[in-house]
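Protein chains in written order, with the numbering used here: chain A, 9 to 327; chain B, 84 to 188.
Now the structure itself:
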């Protein structure tokens, strides 16, 4: 087809060729969008070198069965008649020979690149058919030719929403991105909800365990309290809250917040932790310095002990 | 700001041009596939996405394509170029699409 001299003489868009454009999705806007879409399809067919009016004229004696071929191929079964405005005129002007020309134009668009109109049928967006405005642009001729064979079949049922074709997921990156964004958004919402439910559930379980603990025998309770107090003592010394203590602290905090009686060890923990909160960061340093002092004291004590020992050892030896 | 006229149109067609891999590679406008203002599109030097509208700005005036479809907006946000063709005059021009909210690069 591309070897046809009639095609070679026609204008082609160099920019579109440079961009490697092989197909297109026509998106129609507004009440006269259908007409604009047809004009655009025809213009694009020319610009991509798929068809030219000259080429179409030369193919005027084509068998009319091409129309039904196109119609069947794309599942459009009705050539719509519109009862308003210029569309009627356009239809009336469409002679049989024009239909034939146009059908070949449709074939020409389909044949070399294969996907131009396929894509067009699948991405049509916009207003209703009809209510066409009169335009003096000469592109109307091409639009009318295109509309006779392909417009009324492919662009006829224009809907006001996306018609995304079945392979959109493979070919239309934007659709995929949008879906992914929405999915991510949804997942993040769900994740937040899961976290909240998880936190609530953990607290519920811990409170249940607390309830069970209160039903334990007295000596077991005492042992538990002692273990907790030991952990609090460790915390006082090291400043490190053991996970076991942390879990119990969270429960008691919740209990305290709710205005109920906390366990005995908790007050000890609060005392141990409150100066930390008041003084702030220096506590670690204080603790370190205190430790250092203790160490120094221990060293001095040991040294003095050694002196004593040496004295006691040497004296008898020398003597 | 300047006294150049602004024409707003509701009816028009835009093509999302796809490459061999069927990936969107550019947007395509034809001067004869607009309700009016084909000459403004032909003379446009810049394309700006402003909210739901696509503006073609040129020395002769601004053509405003009202309420472009979401797919077009996304294509503009993806910085696809806009090719304006006019088979009647064999004109073609490549415009960089700019998003009004985005910083100029």
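Ideal Cβ placement from N, Cα and C applies to all residues, glycine included.
None of these values were measured; they are calculated from a predicted model.
- Non-local beta-carbon contacts of residue 102 (chain B) in its own chain, meaning distances under 6 Å to residues more than five positions away in sequence, involve 108 in chain order.
- Within 8 Å of the CB of residue 88 (chain B), no CB atom of chain A is found; the nearest one sits about 19 Å away.
- Residue state for residue 109 (chain B) is assigned as strand, using DSSP reduced to three classes.
- For residue 155 (chain B), there is no enclosing beta strand (DSSP E); the residue is found in the alpha helix (DSSP H) stretching over 153-160.
- Taking a cut-off of 8 Å for Cβ pairs, the stretch 193-208 of chain A and the stretch 247-263 of chain A do not touch, as fewer than three such pairs fall below it.
- Contact annotation: residue 24 (chain A) and residue 51 (chain A) have beta-carbon atoms that are not nearer than 8 Å.
- Apart from the 5 residues on each side of it in sequence, residue 280 (chain A) sits with its Cβ closer than 7 Å to the Cβ of 240, 243, 244 in its chain, given in chain order.
- In its chain, beyond the 5 residues on either side, 116 have a beta carbon closer than 6 Å to the beta carbon of residue 96 (chain B).
- By the rule that beta-carbons nearer than 8 Å mark a contact, residue 123 (chain B) does not touch chain A.
- Think of a sphere of 9 Å around the beta carbon of residue 93 (chain B): the chain A residues whose beta carbon falls inside it are 37, 38, 39, 40, 41, 135, in chain order.
- At a cut-off of 8 Å, the C-beta of residue 276 (chain A) has no neighbouring C-beta in chain B.
- Judged by DSSP in its simplified three-state form, residue 297 (chain A) adopts helix.
- Between the stretch 268-277 of chain A and the stretch 303-312 of chain A there are fewer than three C-beta pairs closer than 8 Å, too few to call the two in contact.
- Residue 183 (chain B) and residue 53 (chain A) have their C-alpha atoms roughly 32 Å apart.
- Using beta-carbon distances, residue 134 (chain B) does not count as an interface residue toward chain A, since no partner is under 8 Å.
- In this structure, residue 22 (chain A) keeps its C-beta atom at 8 Å or more from the C-beta atom of residue 173 (chain B).
- Residue state for residue 101 (chain B) is assigned as strand, using DSSP reduced to three classes.
- Residue contact check for residue 32 (chain A) against chain B: a CB pair falls below 8 Å.
- Not a single CB atom of chain A sits nearer than 8 Å to the CB of residue 147 (chain B).
- Around the beta carbon of residue 36 (chain A), 16 or more other beta carbons lie within 10 angstroms, which makes this residue buried.
- Residue nearest to residue 162 (chain B) within the set B:99, B:180, B:111 is B:180 (criterion: CA-CA distance).
- For residue 126 (chain B), no Cβ of chain A is located within less than 8 Å of the residue's own Cβ.
- With contacts defined as CB atoms closer than 8 Å, residue 128 (chain B) and residue 141 (chain B) qualify as a contacting pair.
- In chain order, 121, 124, 125, 169 place their CB closer than 6 Å to the CB of residue 114 (chain B), counting only its own chain and leaving out the 5 sequence neighbours on each side.
- If the five residues before and after residue 100 (chain B) are omitted, its C-beta is found closer than 8 Å to the C-beta atoms of 107, 108, 109, 110, 111, 166, all from its own chain and listed in chain order.
- Between the C-alpha atoms of residue 98 (chain B) and residue 190 (chain A) there is a straight-line separation of about 25 Å.
- In this structure, the beta-carbon distance from residue 148 (chain B) to residue 92 (chain B) falls below 8 Å.
- Residue 173 (chain B) reaches chain A at 19, counting residues in chain order whose Cβ is nearer than 8 Å.
- Of all residues in the stretch 42-55 of chain A, only 44, 45, 47, 48, 51, 52, 54, 55 place a beta-carbon less than 7 Å from a beta-carbon of chain B.
- Nearest in C-alpha terms to residue 90 (chain B), of all of B:159, B:152, B:177, B:143, is B:143.
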